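Chemist:
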Amino acid sequence: MQRPELQQQLLLHQQQLQACHTCPDMQRPVITGNPVPSRVLLIGQAPGIHEAEVRQPFGWTAGKTLFQWFAGIGLTEAPFRQQVYISAVCRCFPGKNPGSNGRNGGDRVPTTEEIMNCAHWLRHELALLQPDLILPVGKLAISRFLTLKRLQDVIGQCFRHSVPGHEADIIPLPHPSGASTWHRMEPGRTLLAQALATIARHPAWQALLEKQQTPST
Ligand code: SF4
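By the count of my numbering, the sequence shown reaches residue 233 at its end, each step adding exactly one.
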């Protein structure tokens, strides 16, 4: 598919996604990244309360950490958002855990039914984008592609995976949430560095960096 046609398809997809009301317990709005034709696809878990307010994925503290990681391998937040399609397992804020400490409490984990409800949106994005590199962030997103028991079994590695009509490389990342200490302690810190180094060497990532240097192409 040519880039203008793909862009149109992605815009149409996101318009339809914005109108989704399938899950009664999810809090709207639907949060999406830019409808950018990209061979690199980042997949988060679900937006938090602040992402719902600023209306962009990874738009708060976890995002700051995530974009620091990517800045360390050459791509800061603004060009990342312009060049990488950001998807998620669920696109709506699930709400806080019942009984949690208001806005500062933990987010409710989406139910299996909600994850299944939202899965077809991701499948359609995979089919449209045909990504060469997929970056699932956090256990929920990694589990969409890999059997996962412990993060240390998969972080720092690259996996080949079939997506509809296509083969892609999957490099999983831990969730950058401040509530998680995994990526700040060993072995998480070393494995995260390995994962980022693997992303940095990937041809699809290298293509993003080259495009950043020649934005008119
Ligand atoms: S979580 Fe996904 S399937 Fe559920 S209402 Fe939001 S967009 Fe629709």
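All C-beta atoms in this analysis are idealised placements derived from N, C-alpha and C, irrespective of residue type, glycine included. Quick caveat: nothing in here was measured; it's all calculated off a predicted structure.
#1: Consult DSSP for Gln-61 and reduce its assignment to one of helix, strand or coil.
#2: Pop quiz: Gly-75 and His-66 are said to be a contact at Cβ under 8 angstroms. What is the actual Cβ separation, rounded to whole angstroms?
#3: Can you name the start and end residues of the beta strand (DSSP E) that Arg-176 belongs to?
#4: In whole angstroms, give me the CA-to-CA distance for Pro-63 and Thr-77.
#5: So within the stretch 137 to 178, which uninterrupted beta strand (DSSP E) runs reach at least 3 residues, ignoring any that extend past its ends?
#6: Pick out whichever of Gln-32, His-136, Asp-148, Leu-156 has its Cα sitting closest to the Cα of Thr-127.
#7: Going by Cα to Cα distance, which pick from Glu-129, Met-132, Pro-45, Pro-110 is closest to Gly-122?
#8: Please look up how many angstroms separate the CB atoms of Asn-133 and Cys-39, rounded, as I've assumed it's under 8 angstroms.
#9: For Leu-28 and Arg-107, which I take to be in contact (beta-carbon distance under 8 angstroms), what is that distance rounded to the nearest angstrom?
Modeler: This is what the structure gives:
#1: Against the sequence shown, residue 61 aligns to sequence position 45. In this structure, Gln-61 counts as coil in the three-state DSSP scheme.
#2: What you label residue 75 is simply residue 59 of the sequence shown in a count that begins at 1. What you label residue 66 is simply residue 50 of the sequence shown in a count that begins at 1. At roughly 6 angstroms, the Cβ-Cβ gap stays under 8 angstroms, so Gly-75 and His-66 are in contact.
#3: For this step, residue 176 is matched to residue 160 along the sequence shown. Segment 175 to 179, the beta strand (DSSP E) holding Arg-176.
#4: Working through the sequence shown from its first residue, we reach residue 63 at position 47. Working through the sequence shown from its first residue, we reach residue 77 at position 61. The straight-line gap from Cα to Cα measures roughly 12 angstroms.
#5: 149 to 152
#6: Here residue 127 is taken as the residue at index 111 of the sequence shown, counted from 1. Checking every option, the nearest Cα to that of Thr-127 belongs to Leu-156.
#7: Working through the sequence shown from its first residue, we reach residue 122 at position 106. The shortest C-alpha separation from Gly-122 is found at Pro-110.
#8: Taking the sequence shown and counting its residues from 1, one reaches residue 133 at position 117. Taking the sequence shown and counting its residues from 1, one reaches residue 39 at position 23. Indeed they touch by this definition, with Cβ atoms about 5 angstroms apart.
#9: Locating residue 28 in the sequence shown gives position 12, counting from the first residue. Locating residue 107 in the sequence shown gives position 91, counting from the first residue. Between Leu-28 and Arg-107 a beta carbon distance of about 16 angstroms is seen, past the 8 angstroms cut, so the two are scored as non-contacting.
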